[in-house]
Every structure is written in C-alpha cells, then in structure tokens.
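Please read the structure below before turning to the comments.
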Amino acid sequence: MTYRMAKVIVDVPSRETDRPFDYLIPESMASWLEIGSRVAVPFGRRTIQGFVISLHEQPEMDAARMKPIQEMLDLLPPLPQDLVELASWMSRKYACSMIATLQAMIPTALKGKTERYISVADNDELPQDEEGMSVLPILTDEEKQIVAYVRASGHVLMDHLSARFPAYPGILKGLLRRGTLTESQVIKDKVRKKTIKSVSVAVQGDEAEAALSSFTAQAKRQKEVLEFLLEVGIPISLQEVLSTLGVTAGTVKKLAEKGFAVIEDVEVFRDPYQGRHFKGSTPLERTPEQENVYRRLIAALDAHRHEVFLLHGVTGSGKTEVYLQTIERCISLGRQAIVLVPEISLTPQMVERFKGRFGGKVAVMHSRLSTGERYDEWRKIREGRVEVAIGARSAVFAPFQNLGLIVMDEEHETSYKQEETPKYHARDVAVRRARQHGAAVILGSATPSLESYHAARSGGGDRHEEFAPVLLEMKQRPSGSQLPAVQIVDMREELKEGNRSMFSRALHQGIAARLERGEQTVLFLNRRGYSTFVMCRTCGYVAGCPECDISLTYHQKSNNLRCHYCGYAEPAPSVCPECGSEHIRYFGTGTQRVEGELAKLFPGIRVIRMDVDTTSEKGSHEKLLQAFRDKKGDVLLGTQMVAKGLDFPDVTLVGVIAADTALNFPDFRAAEKTFQLLTQVAGRAGRHQLPGEVFIQTYMPEHYSIVHASGHDYTSFVREELKHRRALYYPPYSRLILVTLSHEKLPLLLRMAENFAGDLRAKAQRLGWFGSLDRLTPSALDILGPVASPIPRIKNRYRFQCMVKYRGDLDAVSLVRETAATTLDQLKDGDFQISIDVDPQMLM
DNA sequence: AGCACGCCGACT
DNA sequence: GTCGGCGTGCTC
Numbered sequence: 048m049t050y051r052m053a054k055v056i057v058d059v060p061s062r063e064t065d066r067p068f069d070y071l072i073p074e075s076m077a078s079w080l081e082i083g084s085r086v087a088v089p090f091g092r093r094t095i096q097g098f099v100i101s102l103h104e105q106p107e108m109d110a111a112r113m114k115p116i117q118e119m120l121d122l123l124p125p126l127p128q129d130l131v132e133l134a135s136w137m138s139r140k141y142a143c144s145m146i147a148t149l150q151a152m153i154p155t156a157l158k159g160k161t162e163r164y165i166s167v168a169d170n171d172e173l174p175q176d177e178e179g180m181s182v183l184p185i186l187t188d189e190e191k192q193i194v195a196y197v198r199a200s201g202h203v204l205m206d207h208l209s210a211r212f213p214a215y216p217g218i219l220k221g222l223l224r225r226g227t228l229t230e231s232q233v234i235k236d237k238v239r240k241k242t243i244k245s246v247s248v249a250v251q252g253d254e255a256e257a258a259l260s261s262f263t264a265q266a267k268r269q270k271e272v273l274e275f276l277l278e279v280g281i282p283i284s285l286q287e288v289l290s291t292l293g294v295t296a297g298t299v300k301k302l303a304e305k306g307f308a309v310i311e312d313v314e315v316f317r318d319p320y321q322g323r324h325f326k327g328s329t330p331l332e333r334t335p336e337q338e339n340v341y342r343r344l345i346a347a348l349d350a351h352r353h354e355v356f357l358l359h360g361v362t363g364s365g366k367t368e369v370y371l372q373t374i375e376r377c378i379s380l381g382r383q384a385i386v387l388v389p390e391i392s393l394t395p396q397m398v399e400r401f402k403g404r405f406g407g408k409v410a411v412m413h414s415r416l417s418t419g420e421r422y423d424e425w426r427k428i429r430e431g432r433v434e435v436a437i438g439a440r441s442a443v444f445a446p447f448q449n450l451g452l453i454v455m456d457e458e459h460e461t462s463y464k465q466e467e468t469p470k471y472h473a474r475d476v477a478v479r480r481a482r483q484h485g486a487a488v489i490l491g492s493a494t495p496s497l498e499s500y501h502a503a504r505s506g507g508g509d510r511h512e513e514f515a516p517v518l519l520e521m522k523q524r525p526s527g528s529q530l531p532a533v534q535i536v537d538m539r540e541e542l543k544e545g546n547r548s549m550f551s552r553a554l555h556q557g558i559a560a561r562l563e564r565g566e567q568t569v570l571f572l573n574r575r576g577y578s579t580f581v582m583c584r585t586c587g588y589v590a591g592c593p594e595c596d597i598s599l600t601y602h603q604k605s606n607n608l609r610c611h612y613c614g615y616a617e618p619a620p621s622v623c624p625e626c627g628s629e630h631i632r633y634f635g636t637g638t639q640r641v642e643g644e645l646a647k648l649f650p651g652i653r654v655i656r657m658d659v660d661t662t663s664e665k666g667s668h669e670k671l672l673q674a675f676r677d678k679k680g681d682v683l684l685g686t687q688m689v690a691k692g693l694d695f696p697d698v699t700l701v702g703v704i705a706a707d708t709a710l711n712f713p714d715f716r717a718a719e720k721t722f723q724l725l726t727q728v729a730g731r732a733g734r735h736q737l738p739g740e741v742f743i744q745t746y747m748p749e750h751y752s753i754v755h756a757s758g759h760d761y762t763s764f765v766r767e768e769l770k771h772r773r774a775l776y777y778p779p780y781s782r783l784i785l786v787t788l789s790h791e792k793l794p795l796l797l798r799m800a801e802n803f804a805g806d807l808r809a810k811a812q813r814l815g816w817f818g819s820l821d822r823l824t825p826s827a828l829d830i831l832g833p834v835a836s837p838i839p840r841i842k843n844r845y846r847f848q849c850m851v852k853y854r855g856d857l858d859a860v861s862l863v864r865e866t867a868a869t870t871l872d873q874l875k876d877g878d879f880q881i882s883i884d885v886d887p888q889m890l891m
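When we follow our numbering, the leftmost residue of the first sequence carries the number 48, and every step to the right adds one.
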C-alpha cells in the first residue's frame with residue numbers, strides 16, 4: 048500500500064521554511080491536484096497557503112508524519128508546470144526563497160490570506176444547563192458572555208471577536224484551549240469585486256423639507272449636500288458629489304448617519320479597455336532591411352528553435368512593425384507570444400497598436416490596472432482566451448501553454464530589473480523561459496545594453512555570458528527621414544560670454560523660432576542630479592529624514608517634505624528650523640524651475656510639464672500627451688518620461704537642458720545611461736516631414752557619451768565604453784553581486800559585515816577562486832568592501848555593502864548565499880538582514 | 001512569519 | 001504566590 052503525497056512550498060517568508068513540506072493527498076483531490084496547484088495546508092497550529100511543486104507515491108510507514116492537504120484553492124492550477132520549474136531556477140540564480148519567486152509569478156489577487164473563524168464546540172454529550180451551555184467547564188461571567196455571543200452568531204471572524212471583546216485578552220485563548228470554543232481557518236483570496244460608492248437621498252417631500260430645516264447653522268455643508276442630492280434625484284457616485292460640491296466624504300457620511308441619505312457599494316464591471324474601439328491596422332510592407340530581419344526571425348519560429356536575437360535598430364527604424372509581423376507568424380503557428388515593454392512606454396498608443404492588429408487576442412498588463420483588473424487579464428491568458436500578452440517586467444510570467452516568442456522592447460532599460468525580492472532581470476528570465484518552450488526571443492533596442500551587445504559580438508565565447516544572441520541590425524528609417532542634426536552646446540562658453548540662464552543662446556533662438564512657426568519643442572531634463580530638496584541659504588541647513596540618511600523631497604501639491612525611502616512626511620517649513628532664517632528655499636523639481644524660466648523668457652508660452660508632480664493621478668500622463676498632440680502646448684517639458692517612444696509630427700526641436708547631470712554619478716554605467724538617454728531623446732525630433740534639430744547642452748562637451756550620442760554613433764560609443772569596462776573588469780567583463788547588510792546598531796553591523804567578508808574570502812580561497820579573472824587581473828573572484836552603502840541609513844537601519852566581482856562561470860551566488868546564511872546564524876537577532884542582489888543595476 | 005513553550009521581574 | 005515580558009525553537 049502506498050500513499051499519494053505532495054511536496055508543498057508554504058507561504059511563510061522565512062529562511063527555515065524555504066524548503067518543501069510533505070503532505071498527504073486526500074482521495075477526493077487525487078485526480079485534480081497538479082504541480083502548480085495552490086492549496087491550503089495545516090502548518091503548525093494554523094492553516095496557510097502553499098504551492099504544490101511535485102507529486103509522489105510514498106510507502107505507508109512514511110505517511111505517519113504527514114498531514115493531509117486541507118483544500119484545493121483553484122480548479123485550474125495558477126502555475127503551469129514550466130513556471131514552477133522556472134521558479135526553482137530563479138531562486139537559485141537570484142538567491143531568494145522559492146515562495147517569494149512563486150508569488151511574483153501570479154497576480155496579487157491570488158495571494159491568499161488566512162481567515163480564522165470561531166464557533167462554539169459541539170459538546171452534545173456534556174451535561175447542559177438551562178441556557179444550553181456545557182456545564183462541565185465552569186465559565187466566568189465574561190466567558191459566558193463571549194460564548195453566548197459566538198453561539199448567537201454561528202461562526203465569527205477571530206479579528207471581529209477580539210475587537211468586540213477587547214477587554215479580556217487571553218480569555219479567548221483559554222476558551223479555545225479548553226475546547227469550549229473551536230477554531231477553523233480558511234484561505235481567502237484577495238480578489239474583491241470592484242465597487243464604487245453611490246449616494247442617494249433617503250427622504251422625500253415633507254420629510255425632506257423637515258430634514259432641510261433641521262440642520263443647525265454649523266451643518267451648512269450637510270444641508271448643501273442634501274439639497275444637491277434632492278436636486279439630482281437619482282443615485283450619484285460619491286466621487287461626483289465630493290468633486291462637485293467640494294465637500295469631504297465625512298460630511299456625506301454624517302448625512303447618511305442621520306438617515307437622510309444612503310451610501311452603498313455598487314459593483315462595477317472591470318475591463319480596462321471596455322467600450323474602447325481600436326482602429327484596425329494591417330501589416331505594412333517591409334523594407335529590404337526589415338525583410339532580412341523578418342526572414343531570420345521566422346526561420347527560428349518555423350523550425351521551433353530556441354534562439355535569441357538582438358535587434359539593434361535605430362530610432363524610427365520600424366522595430367515595432369517587425370515585432371507585430373513576427374508575432375502574427377507565431378500565432379499562425381498556433382503558439383503564443385509575450386511582449387515586454389518598459390512600464391513607462393506602455394502608453395495607450397502602444398496598446399492601441401497591438402489591439403489594433405490583434406484585436407481581442409491581446410491581454411494587457413500594467414501597473415495602473417487594479418488588482419482585480421490585472422487578475423482578469425491574467426485569467427484570459429491562463430484560460431487560453433488570448434494569444435498575446437503585453438506588459439511590463441512581470442508579464443514574462445504570462446502563463447501561456449505553448450510559448451513561441453518573447454519580444455523585449457527597449458532591452459537596455461533598467462526597469463527590467465526588479466529592485467525588490469525576487470531581484471530578477473526579466474531579460475535573463477525571458478531567455479530561460481524561452482529555452483524551456485523552444486521559443487525565440489527578440490531583444491530590441493536602438494541602444495542595446497553593453498551586456499547583450501558584447502554577448503552577441505563575442506558569440507558567447509566569454510565566460511561571463513549566459514547566452515549569445517544573434518545580432519540583427521536595422522540602420523534606416525522606412526520613412527526615409529533623416530536622423531536629426533544634433534548640436535552640442537558648451538555651457539561653459541555660454542557662461543564665459545555672460546549668459547547665466549539655463550538656456551543657451553542657440554536653444555533660446557530655437558524655441559523662439561518654433562513659437563513663430565507654430566511648431567513644437569520637447570525639452571528634456573535629466574532628473575538625476577536635479578534635486579527637490581529644501582535648503583536654507585543662510586545657514587546651509589538641508590531638511591533630512593530623521594530615520595534615513597537622505598534629504599527630504601519637496602512635494603508641491605501637499606506642501607510637505609517626504610522621504611523617498613521610508614515615506615516619512617512633515618509639513619514644509621516657512622522658516623529655517625535651525626537658524627530661523629526666512630531664506631529657506633525649495634529647490635522644486637528641476638522641471639518647475641525650467642518652467643518658471645521659460646515663462647520669464649517667453650511671455651505667454653504654453654508649457655506642458657510632465658514630471659512626478661503632474662503625472663501622479665491616474666490617466667494624467669495620457670491626458671498631458673494628448674494635449675500636446677492637440678497642440679495645446681508649445682513646449683513639452685519633462686524628465687525621462689518624455690524620452691520614450693513619443694512620436695509627434697510637429698516636433699522639430701528637442702533640447703536637452705543639462706546632459707551631464709548623470710555622468711558624475713558613482714555608477715560604472717553612468718556613461719552608458721547618459722548615452723542611451725541622449726540617443727532616445729534625440730530620436731524624438733523630425734520623425735516626419737519636417738526636419739528636426741536637437742541641442743544638447745552640457746558642461747562636458749568632449750565626453751565620449753555625449754559626442755557619440757550627438758553623432759548617433761552607437762558602435763563608436765560601445766568601442767570606447769568597453770575599453771573602460773575592460774580596464775576595471777566591470778560587466779560585461781565580469782559579473783557582480785551586491786550584498787547589503789543592515790542593522791539598527793552600527794558597531795554590531797560593522798563587525799558582522801567584516802565577518803561576512805572575511806568568511807566569504809576564506810571560502811573563496813579554499814575553492815582556489817583567487818586565481819585569474821583574466822590574464823591581467825589577480826583573481827577570479829574579488830570582494831570589495833565592506834563599505835558604507837551610498838545611502839548609509841534607511842528607516843533607522845544602518846547599511847553596509849560588499850561588492851562581489853567574479854568570473855561568470857563560477858557559482859558565486861551559492862557561495863554568497865551560504866556565507867550569508869552562516870553570518871545570519873551567528874546573530875540570534877532577527878533584526879539583522881542581509882540582502883543579495885545578483886546582477887545589480889542600481890549601485891546607488 | 002506566527003505560535004507555543006519556558007524562564008525571570010512587578011504586581012493583586 | 002501569579003501575570004506577562006520576549007528569547008528560543010518548530011512547523012510536513
């Protein structure tokens with residue numbers, strides 16, 4: 048006799064529980080349970096959620112220590128088997144727990160929560176008193192009260208009960224222990240029906256008259272609301288009441304409490320693109336260049352061959368059209384496709400293009416969807432109702448059964464790296480997943496990351512690479528339009544000549560000319576380096592977060608100062624808290640300053656500003672762009688978000704206010720980031736009939752990233768940049784792991800950080816890894832640090848970091864992970880944390 | 001992460 | 001003498 052059992056990863060975020068636990072499969076589930084099923088399992092004294100990762104047969108003797116699975120939570124497993132396998136690869140590669148990885152693969156709606164219900168135990172055999180209570184356990188008055196309450200309600204939520212009887216902590220526990228009350232636990236999904244609050248009047252005629260006259264002078268606002276509701280007559284959304292009358296929700300609530308109005312939740316159907324019609328689009332004719340690329344791509348598709356392509360195409364070379372046609376081919380072969388785009392470029396135009404070509408076969412996933420909307424889109428994929436999924440980073444986990452193609456647009460974007468656990472890079476995950484499916488991968492960019500480009504050029508001969516893409520190039524724009532002329536403006540010269548404004552004379556004249564001709568200008572400000580901090584000009588005081596070593600950011604809208612890292616907020620001061628001076632200045636977002644200057648220089652100019660302040664509201668991003676498209680603005684001024692994929696026919700001038708702000712950052716990718724950004728921005732001008740002009744203002748006009756960006760010369764940039772990388776053995780000539788240790792107590796942390804680094808060094812030594820990284824460098828693995836992190840304190844925790852630089856074919860991740868575990872075990876203090884970031888993108 | 005068990009301080 | 005602080009250890 049054997050038993051069927053399942054290995055389950057339980058939803059407990061701790062190192063000790065990051066392993067499979069064995070459970071018996073009840074007969075009733077036997078034919079339904081699969082790898083990837085989500086289950087509720089008893090774990091210790093509670094019931095929690097878990098994921099089945101394998102199924103086995105066990106001899107009877109082993110079954111004794113196993114508990115049975117309590118419940119299956121879905122009919123269709125939320126994770127197909129290939130994703131479970133991918134998850135174990137990811138946990139190894141990125142040194143994170145299996146549960147964190149599995150959770151990242153499914154919509155948050157399925158992150159089940161334990162609910163505890165209390166009910167009265169069924170003690171029929173026990174003698175009972177007149178009230179029907181078991182006599183045997185002698186109950187105090189308080190206990191009787193609780194038991195009576197539970198009995199009356201059938202079964203009660205634990206949270207509700209402890210809220211209802213807050214005065215007697217421990218009594219509840221006692222009743223449960225003695226068996227008078229029993230507890231049951233279920234897993235409840237986070238999926239909520241989407242509702243809006245609707246308000247309607249509850250009084251009419253004379254009653255209403257009486258109600259209106261009942262308000263005291265103080266309740267003026269309530270009276271206004273009631274008058275408004277009577278006037279409208281029909282139920283109206285609370286939101287509308289608030290915005291029309293400018294009252295707060297509290298006012299309406301009071302009215303409802305008095306019984307004059309009713310507020311109810313009305314369910315609304317969620318379809319993010321409900322009622323929208325997408326103009327159909329048909330494939331464009333391919334240019335010879337596109338034809339070559341296309342042939343090469345579909346050859347892999349047709350042969351069902353896993354192959355990775357790096358599509359290097361200049362801005363405007365029609366990469367999207369190539370994607371669309373390749374996807375079409377993929378679908379016609381009965382396979383599905385995933386399209387990954389950076390969140391910021393997942394604009395309505397982009398969505399429109401895909402919906403227009405593939406209609407209802409597309410699921411769209413982006414961060415602005417609600418939990419429920421995302422869950423619905425995800426279900427379309429899981430249930431096989433769509434063929435294409437388009438979305439940001441996490442769409443790489445779209446649960447397709449027969450994946451044929453993964454497209455990653457703007458492959459160089461850092462947003463493909465997740466900064467939270469699991470700290471995965473969607474590019475590497477995409478390649479790995481495609482390999483499982485025998486699918487093709489297209490990595491597209493006008494400015495490929497050095498890692499991908501170098502891997503393609505070296506043909507994988509370099510030990511640091513995990514894959515070797517085939518390089519495909521597109522150098523022309525199908526429209527025949529030329530890449531715009533780019534002029535570098537040396538701001539030092541401007542200063543020398545007495546121009547102290549942030550606009551050079553050339554840019555100034557350029558804007559003036561556009562205003563005259565009714566053409567448009569895009570101004571780009573590299574936000575990094577432009578701060579929004581508050582400084583006292585008298586004493587030099589800078590407002591900083593009390594918990595983190597970082598300056599606070601000024602938010603105009605709420606007129607307060609906020610910490611970017613921990614969320615701490617305080618009202619903006621009007622005088623300096625240190626010296627009392629009134630000369631305290633808000634260095635508003637850089638864009639605000641530029642906007643002010645523009646207004647001064649060009650009275651009456653219409654500026655559309657796009658930055659965190661103006662785009663925080665849902666849909667505002669799109670609205671601003673549409674306004675600019677409708678020529679309601681002369682200038683579009685913004686940060687990174689104006690650099691991506693925008694395409695406006697009347698834009699003939701692009702100005703970069705300060706190109707070099709990011710160049711001085713202590714990040715080995717600073718030059719690459721600057722080059723990519725400038726190239727993207729420059730590609731925004733003159734994409735149509737009108738010729739474009741680009742001005743790049745800089746204090747470092749001779750820097751190679753600026754020079755080559757102005758010449759649209761990717762190849763030369765790469766050549767130079769690779770030299771620098773090679774000299775210092777930075778990626779792509781090595782790989783990196785960033786280890787950050789944190790604790791509240793600085794001396795303790797310092798000691799632990801030294802321990803960690805020492806231990807790691809010793810282990811690497813033993814493995815003989817301090818050999819040769821290359822013939823010019825001393826070791827195959829190098830440990831830099833520990834040093835204080837660039838932000839040395841966050842949320843009152845000090846931070847130290849070590850950078851591990853190593854030859855790509857070594858399993859340094861396992862070594863680091865084991866060492867981290869050892870170090871953590873040395874300290875029984877739960878407040879000690881070690882975070883491991885494999886292939887870090889942000890070194891700040 | 002929870003939750004229980006277990007061993008030392010301030011109270012009826 | 002008990003209530004309760006949170007250190008320690010375990011969860012199939």
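Where a beta carbon is used, it is the ideal one built from N, C-alpha and C, also for glycine.
Quick caveat: nothing in here was measured; it's all calculated off a predicted structure.
Candidates the options: which alpha carbon is nearest residue i's?
{"i": "K792", "options": "L785, A800, V786", "result": "A800"}
{"i": "I153", "options": "A296, S138, Q269, Y422", "result": "Y422"}
{"i": "C849", "options": "K267, R808, R429, V203", "result": "R808"}
{"i": "V786", "options": "Q880, V246, N339", "result": "Q880"}
{"i": "G226", "options": "K267, I165, Q251", "result": "I165"}
{"i": "E457", "options": "A410, L133, L393", "result": "L393"}
{"i": "V131", "options": "R333, R524, F444, V689", "result": "F444"}
{"i": "A308", "options": "S628, E563, V698, F275", "result": "F275"}
{"i": "R163", "options": "A87, L126, I743", "result": "A87"}
{"i": "A835", "options": "A827, L828, R844, D829", "result": "R844"}
{"i": "M137", "options": "G614, G805, P618, T468", "result": "T468"}
By the 10 Å Cβ neighbour count, where 16 or more other Cβ atoms means buried, how is residue i classified, buried or exposed?
{"i": "M108", "result": "exposed"}
{"i": "I56", "result": "buried"}
{"i": "Q117", "result": "buried"}
{"i": "M397", "result": "buried"}
{"i": "Q673", "result": "exposed"}
{"i": "V182", "result": "Residue placement at V182 is poorly supported in this model, since its pLDDT is 49, which falls under 50; the coordinates still yield a value, given next. By the 10 Å Cβ count, V182 comes out exposed."}
{"i": "K670", "result": "exposed"}
{"i": "T295", "result": "exposed"}
{"i": "G627", "result": "exposed"}
{"i": "D856", "result": "exposed"}
Throw me the rounded Cβ distance for the residue i and residue j pair, which I believe falls under 8 Å.
{"i": "Y612", "j": "C595", "result": "5 Å"}
{"i": "E460", "j": "G360", "result": "About 15 Å; that fails the 8 Å criterion."}
{"i": "K54", "j": "I100", "result": "5 Å"}
{"i": "E354", "j": "V517", "result": "6 Å"}
{"i": "E230", "j": "L497", "result": "Incorrect: roughly 57 Å between the Cβ atoms, too far for contact."}
{"i": "A477", "j": "V488", "result": "6 Å"}
{"i": "A439", "j": "E390", "result": "4 Å"}
In the region 648–690, which residue ranges form an unbroken beta strand (DSSP E) of at least 3 residues, counting only runs that do not cross its ends?
-> Qualifying beta strand (DSSP E) stretches, in chain order: 654–657, 682–685.
At least three beta-carbon pairs within less than 8 Å, the region 202–214 to the region 138–151 = Pairwise C-beta distances place the region 202–214 out of contact with the region 138–151, as fewer than three of them are shorter than 8 Å.
Three or more beta-carbon pairs under 8 Å between the region 836–856 and the region 773–786, yes or no?
-> The way I'd put it, the region 836–856 does touch the region 773–786; three or more beta-carbon pairs between them come closer than 8 Å.
Decide yes or no for the touch test of the region 743–756 against the region 522–541: beta carbon pairs closer than 8 Å, at least 3 of them.
-> Contact between the region 743–756 and the region 522–541 is established, with three or more Cβ pairs separated by less than 8 Å.
Ranges of the beta strand (DSSP E) found wholly within the region 213–301, counting only runs of at least 3 | Those beta strand (DSSP E) runs which fall completely within the region 213–301 and span 3+ residues are 228–235, 242–248.
Alpha helix (DSSP H) runs wholly inside the region 316–386, at least 4 long, in chain order = As summarised for the region 316–386, the continuous alpha helix (DSSP H) elements at least 4 residues long and confined to that stretch are 335–349, 366–379, given in chain order.
Inspect the CB distances between the region 479–486 and the region 400–418 and report whether three or more fall short of 8 Å.
-> These segments do not touch.
Completely contained beta strand (DSSP E) runs for the region 524–572, where each covers 3 or more residues = Assignment of beta strand (DSSP E) within the region 524–572, counting only whole runs of 3 or more residues, yields 532–537, 567–571 in chain order.
Is the number of C-beta pairs between the region 561–570 and the region 697–705 that are closer than 8 Å three or more?
-> The count of Cβ pairs closer than 8 Å, one atom from the region 561–570 and one from the region 697–705, reaches three, so the stretches are in contact.
Whole alpha helix (DSSP H) elements within the region 816–873, 4-residue minimum = Positions of the alpha helix (DSSP H) runs, each at least 4 residues long and wholly inside the region 816–873, are given as 859–873 in order along the chain.
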